[in-house]
Amino acid sequence: MSTAVPMQMQVEIERLRLRNPFRISGYTFTEVPVVVVTLQSERGRGRGEAAGVYYLKDTPESSLDVLEKHRAIIESGITRQQLLELMPPGGARNALDCALWDLEAKHAGTPVWRLAGLDAVGPCVTTFTLSADGPRAVVSAAEALPHAKALKLKLDGDLKMDKERVRAVRRLRPDVWIGVDANQGYSIEKLKAIMPAFVEAGVQLVEQPLPRGREADLDGFKSPIPLAADESVQGLADVRGLRGRFQVVNIKLDKCGGLTEALAMAHEARRLGMQVMVGNMVGTSLAMAPAFVVAQLCDYVDLDGPIFLAEDRHPSIGYQDGSVHCASNVWGDGK
Numbered sequence: 003m004s005t006a007v008p009m010q011m012q013v014e015i016e017r018l019r020l021r022n023p024f025r026i027s028g029y030t031f032t033e034v035p036v037v038v039v040t041l042q043s044e045r046g047r048g049r050g051e052a053a054g055v056y057y058l059k060d061t062p063e064s065s066l067d068v069l070e071k072h073r074a075i076i077e078s079g080i081t082r083q084q085l086l087e088l089m090p091p092g093g094a095r096n097a098l099d100c101a102l103w104d105l106e107a108k109h110a111g112t113p114v115w116r117l118a119g120l121d122a123v124g125p126c127v128t129t130f131t132l133s134a135d136g137p138r139a140v141v142s143a144a145e146a147l148p149h150a151k152a153l154k155l156k157l158d159g160d161l162k163m164d165k166e167r168v169r170a171v172r173r174l175r176p177d178v179w180i181g182v183d184a185n186q187g188y189s190i191e192k193l194k195a196i197m198p199a200f201v202e203a204g205v206q207l208v209e210q211p212l213p214r215g216r217e218a219d220l221d222g223f224k225s226p227i228p229l230a231a232d233e234s235v236q237g238l239a240d241v242r243g244l245r246g247r248f249q250v251v252n253i254k255l256d257k258c259g260g261l262t263e264a265l266a267m268a269h270e271a272r273r274l275g276m277q278v279m280v281g282n283m284v285g286t287s288l289a290m291a292p293a294f295v296v297a298q299l300c301d302y303v304d305l306d307g308p309i310f311l312a313e314d315r316h317p318s319i320g321y322q323d324g325s326v327h328c329a330s331n332v333w334g335d336g337k
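First residue of the sequence shown: 3, per my numbering; consecutive thereafter.
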């Protein structure tokens with residue numbers, strides 16, 4: 003909020019069922035728990051959803067504890083700027099920050115995207131993510147996405163299998179944009195070894211190849227394909243240190259703690275001459291809608307989270323012709 007107002011806060015944990023198990027390097031997910039914050043003032047209601055950051059042990063349960071710890075301060079009235087100082091980045095701050103944006107839009111009678119300084123919003127081509135299953139299963143999953151214009155393959159660090167996955171999808175879809183996400187599964191030696199196969203398959207983005215904390219291993223490596231930092235960049239303070247190692251900054255609201263810092267990260271990355279990506283930790287349309295605002299500033303968009311769920315919220319964001327679009331009534335419409 004630009005001006006603090008008294009409000010009531012409701013906090014709930016919801017468990018979102020996935021349609022099918024989802025595999026990445028080192029993890030298999032069957033459900034996604036999220037924390038949902040609802041703020042009620044005399045002039046409106048604001049909502050926000052967050053999953054947290056699983057690999058940092060930032061869970062909806064820990065988010066709930068953080069929010070309850072600060073309940074009195076929040077309900078007495080807090081601005082988004084004050085929130086940046088009150089809580090560290092993570093799920094709790096994300097859910098609350100997005101709820102504050104939604105509430106501020108209600109108070110102003112103006113949509114969030116306009117409050118964020120955008121002139122307009124429109125559909126964005128999004129990647130559709132394929133789980134790190136066997137090559138046949140990956141191809142079957144790709145066949146179920148005939149309208150996708152961009153596919154992102156999750157890899158697991160097995161170089162032979164990773165090569166087969168990428169080659170199989172490229173044979174199936176010679177027309178599609180392909181990115182890969184190693185989720186910290188490679189060493190610098192493995193990355194160098196598999197890079198020729200990525201080049202041959204026309205891969206156009208390699209996301210988080212090395213473990214978080216091993217960024218210096220990229221010093222002096224001239225990648226023929228742009229490298230995107232995900233786990234290696236949590237918030238605004240990390241962006242500057244990526245230069246010379248990564249070409250793309252992957253912003254996720256759960257990592258950086260909300261739309262407020264996400265927008266600041268996008269502008270800082272641009273200032274430093276880097277490209278910008280927006281991603282998600284999986285969630286409903288309530289979580290994707292704030293990220294859709296960030297997507298308007300991005301070169302790469304990965305907002306397919308709701309397609310993995312057994313059920314989404316209504317109203318919901320939509321997918322058509324390989325693009326994601328978000329109607330004004332999903333979140334942040336100012337009404």
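Each residue gets a CB set at the ideal place from its N, CA and C atoms; glycine is no exception.
Does DSSP put residue i in a helix, a strand or coil?
i, result
"Trp179", "strand"
"Met267", "helix"
"Val39", "strand"
"Lys192", "helix"
"Glu14", "strand"
"Met163", "helix"
"Lys151", "coil"
"Arg82", "helix"
"Gly334", "coil"
"Arg169", "helix"
"Ala231", "strand"
"Phe248", "coil"
"Gly243", "helix"
"Leu212", "coil"
"Leu311", "strand"
Hey, residue i and residue j are a contact pair by Cβ (cut 8 Å); roughly how many whole angstroms apart?
i, j, result
"Val241", "Met279", "With 8 Å as the limit, Val241 and Met279 do not qualify as a contact, their Cβ atoms being about 12 Å apart."
"Lys156", "Arg25", "7 Å"
"Gln12", "Thr40", "4 Å"
"Leu238", "Glu270", "6 Å"
"Asp221", "Asn252", "That pair is no contact at about 20 Å."
"Lys165", "Ile196", "7 Å"
"Asp60", "Lys154", "Contact flag wrong, Cβ pair sits at about 23 Å."
"Leu102", "Leu85", "7 Å"
Is residue i near the ligand NAP, in the sense that its beta carbon is under 7 Å from a heavy atom of that ligand?
i, result
"Val332", "As for the ligand NAP, it is missing from this structure, which has no ligand bound."
Who are residue i's beta bridge partners in DSSP?
i, result
"Phe24", "Phe31"
"Asp60", "Val55"
"Leu207", "Gly181"
"Lys254", "Per DSSP, none; premise fails for Lys254."
"Val303", "Val280"
"Gln322", "Ser325"
"Lys156", "Asp183"
"Leu132", "Leu155"
"Leu288", "Its beta-bridge partners do not exist; DSSP assigns none."
"Val141", "Bridge partners of Val141: none, in fact."
From residue i to residue j, what does the alpha carbon distance come to, in whole angstroms?
i, j, result
"Asp356", "Asn96", "Nothing about residue 356 can be read from this structure; the chain reaches only from 3 to 337."
"Ala152", "Pro62", "30 Å"
"Arg315", "Arg245", "38 Å"
"Ala184", "Gly159", "7 Å"
"Ala52", "Ser27", "22 Å"
"Glu202", "Val182", "14 Å"
"Pro213", "Phe248", "13 Å"
"Ala312", "Pro148", "20 Å"
"Cys100", "Tyr321", "22 Å"
"Asp121", "Gln298", "10 Å"
"Ser325", "Val178", "13 Å"
"Asp306", "Glu87", "31 Å"
"Gly46", "Lys108", "6 Å"
"Ser287", "Ile309", "10 Å"
"Arg73", "Ser43", "14 Å"
"Leu98", "Tyr29", "27 Å"
"Met276", "Phe200", "22 Å"
"Met89", "Cys258", "11 Å"
"Leu261", "Gly92", "12 Å"
"Ala146", "Glu14", "34 Å"
"Glu263", "Gly281", "14 Å"
_Cβ contact check for the stretch 72-79 and the stretch 197-209: 3 or more pairs under 8 Å_ = With the cut-off at 8 Å, the stretch 72-79 and the stretch 197-209 do not touch.
*How do the stretch 320-334 and the stretch 166-174 stand: do at least 3 beta-carbon pairs fall below 8 Å, yes or no?*
Below 8 Å, too few C-beta pairs join the stretch 320-334 and the stretch 166-174 to call them touching: fewer than three.
_Under 8 Å: do the stretch 250-265 and the stretch 274-293 share three or more Cβ pairs, one atom per stretch?_
Between the stretch 250-265 and the stretch 274-293 there are three or more inter-stretch CB-CB distances shorter than 8 Å, so the stretches are counted as touching.
_Using a Cβ distance threshold of 8 Å, determine whether the stretch 129-142 contacts the stretch 57-76, with at least three qualifying pairs required._
No, because fewer than three Cβ pairs between the stretch 129-142 and the stretch 57-76 fall closer than 8 Å, the two stretches do not touch.
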